[in-house]
């Protein structure tokens, strides 16, 4: 099922794309991406041109996928028959993937060149979701039934076909989380009891292998770069969560704060890693950056005046230019942001608000 966006949306897309494709650097430290009329937004992905996607609420509280280059936020809507949507990833061609949903049903969705298209459902599952897309247009995600989540199916959509990626031995279900530009896929799978979660990597030759954990019951792979480096998290036997990097399949623990759960959620081709660290209370979190394995809390890197206005809660993705996207509290409201690491040494407050 495909649907053409309205003329207003097309006009907005064209206006958005022109400055976007030329944009590789920002002249602001921190950009508030705003909302779609409501009070909340989250940014999940950024491409190398600085084009961002995620989700934001409308004035009536309905959540929609957005696209933004920092100057304006464009409402991309949802598939016919669904009220809500969100965007999980965007490639360098500007194609966005995510899900359109309502109540207990939802379909993996692609927003591409002014069209919204469904990737369809799989088997008897009432829900499917696209998690990532590479520059060749290959998409990964999964399909599931909330009543039988233990048997969720990790999927690859390529050439118009949905392919079941399978799971590791002794696992019943799973999810494909990311795919790089070489076609290597990462994800997680779990057993029928859903008490054991294992990270995995699958190369183009079809070989799926487990990514080693710490001896705990959980390991999750969240992102992969074009070098094949994978980031995510693992739990130890005491169920403390650690941010990790798998380099050539070897587990590397990233620096963290003792006793605090933390997770790495994004990595670029320059080995810059982003994620979050939980506070001592186990509920609040702070956006984090790792360079060469060393941890920096993004709030502590901000100029003092921005620190007074912002609380950066989480970082989800980082592009080749060091532009980070995530979510944070700005003057009390939870908003999507773009943070340019290269501008952090500026002594002058430079902040913009998209709307």
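Numbering (the numbering used here), first residue to last: 41 to 395.
Just so you know, even glycine gets a beta-carbon here, dropped at the ideal spot from N, CA and C.
Only a predicted model underlies this, so the values are computations on that prediction, with no experimental measurement involved.
If you compare alpha carbons, which of 244, 245, 268, 235 is closest to residue 251?
-> The count along the chain shown starts at 1 and reaches residue 251 at position 211. Residue 251 has its Cα closest to that of 268, out of 244, 245, 268, 235.
Going by the beta-carbon positions, is the gap between residue 71 and residue 96 smaller than 8 Å?
-> Here the question's residue 71 lines up with position 31 in the chain shown. Here the question's residue 96 lines up with position 56 in the chain shown. Against a cut-off of 8 Å, the Cβ pair of residue 96 and residue 71 comes out as no contact.
Starting from residue 283 and walking both ways along the beta strand (DSSP E), at which residues does that stretch end?
-> One-based indexing of the chain shown puts residue 283 at position 243. From DSSP, the beta strand (DSSP E) with residue 283 extends over 281 to 287.
Give me whichever residues DSSP pairs with residue 113 in a beta bridge.
-> Counting from 1 along the chain shown, the entry for residue 113 is found at position 73. The beta-bridge partner set that DSSP reports for residue 113 consists of 108.
Can you grab the Cα-Cα spacing for the pair residue 215 / residue 128, in whole Å?
-> Here residue 215 corresponds to residue number 175 of the chain shown, with the count starting at 1. Here residue 128 corresponds to residue number 88 of the chain shown, with the count starting at 1. Their backbone Cα atoms lie some 14 Å apart in a straight line.
Considering only residues of the same chain and omitting the five flanking positions on each side of residue 248, which have a CB-CB separation below 6 Å?
-> For the purposes of this step, residue 248 is taken as the residue at position 208 of the chain shown. Correct list, in chain order: 240, 242.
Local conformation of residue 202 per DSSP, three classes | On the chain shown, position 162 is the one that residue 202 refers to. Looking at residue 202 - three-state DSSP - the assignment turns out to be strand.
Candidates 164, 184, 98, 85: which alpha carbon is nearest residue 172's?
-> Within the chain shown, residue 172 is the residue found at index 132, counting from 1. Of the residues 164, 184, 98, 85, the one whose Cα lies closest to the Cα of residue 172 is 85.
Coarse secondary structure for residue 194, derived from DSSP in three states | Taking the chain shown and counting its residues from 1, the one referred to as residue 194 is at position 154. Note: residue 194 maps to strand in three-state DSSP.
For residue 218, which residues from the same chain have a beta carbon less than 6 Å from its beta carbon, with the 5 sequence-adjacent residues on both sides left out?
-> Position 178 of the chain shown, counted from the first residue, corresponds to residue 218. Sequence-distant partners of residue 218 (beyond 5 residues in either direction) whose C-beta falls short of 6 Å from its own C-beta, in its chain, are 172, 226, 263, 264.
Do residue 331 and residue 339 have their C-beta atoms within less than 8 Å of each other?
-> The residue you call residue 331 lines up with position 291 of the chain shown. The residue you call residue 339 lines up with position 299 of the chain shown. No, Cβ-Cβ distance for residue 331 and residue 339 is not below 8 Å.
Mind checking whether residue 191 and residue 213 have CB atoms under 8 Å apart?
-> For the purposes of this step, residue 191 is identified with residue 151 of the chain shown, where counting begins at 1. For the purposes of this step, residue 213 is identified with residue 173 of the chain shown, where counting begins at 1. Yes, they are a contact pair.
Would you mind stating whether residue 140 and residue 119 have Cβ atoms separated by less than 8 Å?
-> Along the chain shown, one-based indexing puts residue 140 at 100. Along the chain shown, one-based indexing puts residue 119 at 79. Yes, the pair counts as a contact, with Cβ atoms nearer than the cut-off.
Would you kindly report the start and end of the unbroken beta strand (DSSP E) that includes residue 329?
-> As a first step, residue 329 must be located in the chain shown, where it is residue number 289. Segment 325 to 331, the beta strand (DSSP E) holding residue 329.
Is residue 338 helix, strand or coil when you go by DSSP?
-> For the purposes of this step, residue 338 is taken as the residue at position 298 of the chain shown. Helix at residue 338.
Quick one: is residue 377 buried, meaning 16 or more other Cβ sit within 10 Å of its Cβ, or exposed?
-> Residue 377 sits at position 337 when you count from the first residue of the chain shown. With 16 or more Cβ atoms within 10 Å of its Cβ, residue 377 is classed as buried.
Could you pull out every residue in the same chain whose Cβ sits closer than 6 Å to the Cβ of residue 352, ignoring the five residues on either side in sequence?
-> Here residue 352 corresponds to residue number 312 of the chain shown, with the count starting at 1. Beyond the five residues adjoining it in sequence on each side, residue 352 comes within less than 6 Å, by CB distance, of 327, 338, 339, 368 in the same chain, given in chain order.
Using the C-alpha atoms, what's the distance from residue 157 back to residue 297?
-> For the purposes of this step, residue 297 is taken as residue 257 along the chain shown, with counting starting at 1. For the purposes of this step, residue 157 is taken as residue 117 along the chain shown, with counting starting at 1. Straight-line Cα distance between these residues: approximately 43 Å.
Spell out the partners DSSP gives residue 98 in its beta bridges.
-> Residue numbering aside, residue 98 sits at position 58 when the chain shown is read from its first letter. Paired residues: 76, 77.
Would you decide whether residue 359 is buried or exposed? Buried here means 16 or more other CB atoms lie within 10 Å of its CB.
-> By 1-based counting over the chain shown, the position of residue 359 is 319. By the neighbour-count criterion, in which 16 or more other beta carbons inside 10 Å mark a residue as buried, residue 359 falls on the buried side.
Shortest alpha-carbon distance to residue 259 belongs to which of 246, 292, 266, 134?
-> For the purposes of this step, residue 259 is identified with residue 219 of the chain shown, where counting begins at 1. Of 246, 292, 266, 134, the residue nearest in Cα terms is 292.
4-residue-minimum alpha helix (DSSP H) runs that sit fully inside the region 204 to 243, ordered along the chain | Segments of the alpha helix (DSSP H) lying fully in the region 204 to 243: there are none.
Residue 159, enclosing alpha helix (DSSP H) - first and last residue | Translated into the one-based positions of the chain shown, residue 159 becomes position 119. Where residue 159 is concerned, there is no enclosing alpha helix (DSSP H), although the beta strand (DSSP E) it sits in stretches over 155 to 160.
Specify the secondary structure class of residue 62 as computed by DSSP and reduced to three states.
-> In the chain shown, the residue the question calls residue 62 occupies position 22. Any answer about residue 62 is weak, because its pLDDT of 42 lies below 50 and its placement is not dependable; what the coordinates show is given next. Of the three classes helix, strand and coil, the one that applies to residue 62 here is coil, per DSSP.
Keeping to the same chain, check which residues put their C-beta closer than 6 Å to that of residue 62; ignore five residues upstream and five downstream.
-> Translated into the one-based positions of the chain shown, residue 62 becomes position 22. With a pLDDT of 42 at residue 62, under the threshold of 50, the modelled position of that residue is not reliable, and the figure given next carries that caveat. Correct list: empty, nothing qualifies.
If you check the beta carbons only, do residue 90 and residue 373 fall under 8 Å apart?
-> Along the chain shown, one-based indexing puts residue 90 at 50. Along the chain shown, one-based indexing puts residue 373 at 333. No, Cβ-Cβ distance for residue 90 and residue 373 is not below 8 Å.
Assign residue 294 to one of two classes, buried (16 or more other C-beta atoms within 10 Å of its C-beta) or exposed (fewer than that).
-> As a first step, residue 294 must be located in the chain shown, where it is residue number 254. Counting the other Cβ atoms within 10 Å of the Cβ of residue 294 gives 16 or more, which makes it buried.
Residue range of the alpha helix (DSSP H) that residue 432 falls in?
-> Given that the chain is displayed from residue 41 to residue 395, the structure contains no residue 432 and the question cannot be resolved.
Close-in-space but distant-in-sequence residues of the same chain around residue 375 (CB under 6 Å, 5 per side omitted) | The residue you call residue 375 lines up with position 335 of the chain shown. The residues are 72, 81.
Can the beta-carbon of residue 381 be found less than 8 Å from the beta-carbon of residue 329?
-> In the chain shown, the residue the question calls residue 381 occupies position 341. In the chain shown, the residue the question calls residue 329 occupies position 289. Cβ distance < 8 Å, so residue 381 and residue 329 count as in contact.
So who's on the other strand from residue 127, going by DSSP bridges?
-> If you number the chain shown from 1, residue 127 lands on position 87. The beta-bridge partner set that DSSP reports for residue 127 consists of 138.
Output the distance between the C-alpha atoms of residue 370 and residue 288, rounded to the nearest integer angstrom.
-> Counting from one through the chain shown, the residue named residue 370 turns up at place 330. Counting from one through the chain shown, the residue named residue 288 turns up at place 248. So the alpha carbons of these two residues sit roughly 39 Å apart.
Run the CB neighbour count on residue 302, radius 10 Å, all protein chains shown included, and call it buried at 16 or more, exposed below.
-> The sequence position of residue 302 within the chain shown is 262, counting from 1. Around the Cβ of residue 302, a 10 Å sphere holds 16 or more other Cβ atoms; the residue is buried.
Relative to the alpha-carbon of residue 188, which residue among 165, 178, 194 has its alpha-carbon at the smallest distance?
-> Taking the first residue of the chain shown as position 1, residue 188 is located at position 148. When only C-alpha atoms are compared, the closest one is 165.
Give the range of the beta strand (DSSP E) segment to which residue 149 is assigned.
-> Indexing the chain shown from 1 puts residue 149 at position 109. Counting along the chain, the beta strand (DSSP E) containing residue 149 begins and ends at 145 to 152.
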